[in-house]
């Protein structure tokens with residue numbers, strides 16, 4: 001790669017001397033694109049969301065680094081405004097430039113282009129991840145909406161079937177109607193609980209969406225406000241820099257020819273560079289803290305996976321309970337159908353079997369037991385009457401069995417809903433994992449930029465030592481000053497890119513926390529549904545025991 005910088009002619013030297021009279025802020029803003037955004041960190045540290053006790057030391061170090069960088073640039077401007085020792089206007093050929101500084105110039109250009117390319121690649125990658133996250137959230141919401149609609153349709157179908165059963169049972173006797181009334185009340189209570197659960201889930205989902213929208217609006221308003229404040233700060237700083245530059249330019253005109261002042265300025269620059277090295281160490285410490293937070297986040301994900309496994313175990317236990325309930329119903333049916341012969345052989349055994357099955361049949365058996373002493377001589381008539389009552393009991397138990405099957409279908413629907421919600425939680429865990437990978441890639445990019453800054457620091461120190469020792473003269477001295485200025489500005493550009501990446505990292509962490517809160521709310525809703533199911537089963541058990 002060859003040097004793309006044009007050779008300085010006497011006219012260029014005259015123009016560079018004329019530029020020395022311009023304000024420092026104007027020339028710096030022309031040299032470094034995006035210089036007007038150098039105070040982006042002010043917006044992050046002015047936010048009320050940062051906790052002063054935990055981040056005070058980091059804030060103070062960044063502020064000191066900014067002050068030292070500004071002071072170093074002003075000193076570099078003073079150095080550039082002063083004429084070099086033994087400057088000969090006759091050195092106008094490229095052959096008089098040392099090959100060392102040409103290689104340094106090419107190296108600085110390569111480093112600058114590489115850092116800008118890495119920054120743009122990182123920015124595009126984060127934008128793509130943000131779009132993918134938004135699309136995933138929309139897809140999850142659509143799936144939940146479809147599931148809710150399907151559940152509502154099934155609920156309407158079940159209600160319609162219950163009404164048909166109630167209509168067919170209207171011709172039963174008074175005792176059967178009483179039992180049907182009790183069962184209807186129980187069914188209404190179950191429907192009410194389901195409706196309350198559906199309403200609660202709908203309200204919770206709407207509230208979550210509203211909270212996310214409100215937070216987004218607040219972030220936009222805060223960003224606009226901070227942007228306006230930042231523009232005002234930049235304008236004030238430019239005015240202060242203009243005043244300070246004019247004052248220093250006047251002082252330098254009075255102190256021309258004093259080489260000792262140049263040496264003192266170089267020593268101050270070295271001191272500023274040492275303070276910037278301290279900032280680099282602070283950046284490494286911050287990287288270690290980020291790795292610790294990522295490890296903690298992975299442990300939290302493992303804990304959530306264990307919680308989901310426990311929930312699956314509860315669902316399996318519930319399935320086993322439903323199977324046992326079905327077996328009990330089958331045993332009950334096997335007792336009802338062959339009970340005619342048992343009633344003929346032994347009225348006492350028949351009464352006990354009927355009492356364990358149905359409240360209505362128990363009342364009838366008690367009436368028969370009271371009449372046994374009166375109509376002992378009418379065994380044949382009693383046997384015929386008992387057969388008719390048995391057939392009526394069978395016809396009454398069939399609608400009850402149908403209602404039990406309806407309740408079992410509702411339990412299956414609830415289990416499917418829990419499974420869908422579990423898959424939604426799993427997809428959100430995958431999104432969080434992708435964000436963790438993106439943060440890891442960002443941290444590696446920051447490490448690469450830190451190494452670039454360290455290389456530039458070494459290059460600046462070597463160049464300053466050669467200038468301080470007086471090894472460079474004439475055009476070599478002027479070229480060294482230009483290289484020093486470009487290196488300082490390039491270093492500040494890299495630091496500004498790193499500082500601009502910090503607010504986006506904070507926003508990613510906030511989104512991760514919001515997703516964790518949504519997952520906790522989903523788990524809580526599932527636990528509420530399971531608790532309602534357990535209470536309903538307990539009530540069913542008490543009802544069966546009473547029968």
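Residue numbers (full-length UniProt numbering): 1 to 547.
Virtual Cβ for every residue (Gly too), placed ideally from N, Cα, C.
- With a cut-off of 8 Å on Cβ pairs, the segment 185–203 is in contact with the segment 147–167, counting three or more such pairs.
- At least 9 Å separates the beta-carbon of residue 153 from that of residue 191.
- In the assembly as shown, residue 533 is a buried residue. Its beta-carbon has 16 or more other beta-carbons within 10 Å.
- In this structure, the CA atom of residue 292 is about 27 Å from the CA atom of residue 120.
- For residue 285, there are no CB contacts under 8 Å within the same chain when 5 residues up- and downstream are skipped.
- Distances from the alpha-carbon of residue 541 to those of 524, 149, 324 put 324 closest.
- By the CB criterion at 9 Å, residue 520 and residue 314 fall outside the cutoff.
- With a threshold of 16 other beta carbon atoms within 10 Å, residue 306 falls short and is exposed.
- Straight through space, the alpha carbons of residue 527 and residue 182 are spaced by roughly 28 Å.
- Non-local C-beta neighbours of residue 178 in its own chain, meaning closer than 7 Å and more than five positions away in sequence, are absent.
- Using a C-beta cut-off of 8 Å, the segment 193–203 makes contact with the segment 134–152, since at least three inter-stretch Cβ pairs fall below that distance.
- Linking residue 231 to residue 221 through their CA atoms gives a straight-line distance of about 16 Å.
- Residue 143 and residue 214 have their alpha carbons spaced roughly 23 Å apart.
- Residue environment: residue 194 is assigned as buried (16 or more neighbouring CB atoms within 10 Å of its CB, all protein chains considered).
- With distances taken between CA atoms, residue 207 lies nearest to 517 out of 165, 517, 128.
- Unbroken alpha helix (DSSP H) stretches of 4 residues or longer found wholly inside the segment 120–162: none.
- Residue 278 is classed as exposed because its beta carbon has fewer than 16 other beta carbons within 10 Å across all chains shown.
- Note on residue 165: 16 or more other CB atoms within 10 angstroms of its CB, so buried under the neighbour-count rule.
- Between the alpha carbons of residue 145 and residue 203 lies a gap of roughly 13 Å.
- Closest in alpha carbon position to residue 523, among 163, 310, 125, is 310.
- Between residue 126 and residue 133, the alpha-carbon positions lie close to 11 Å from each other.
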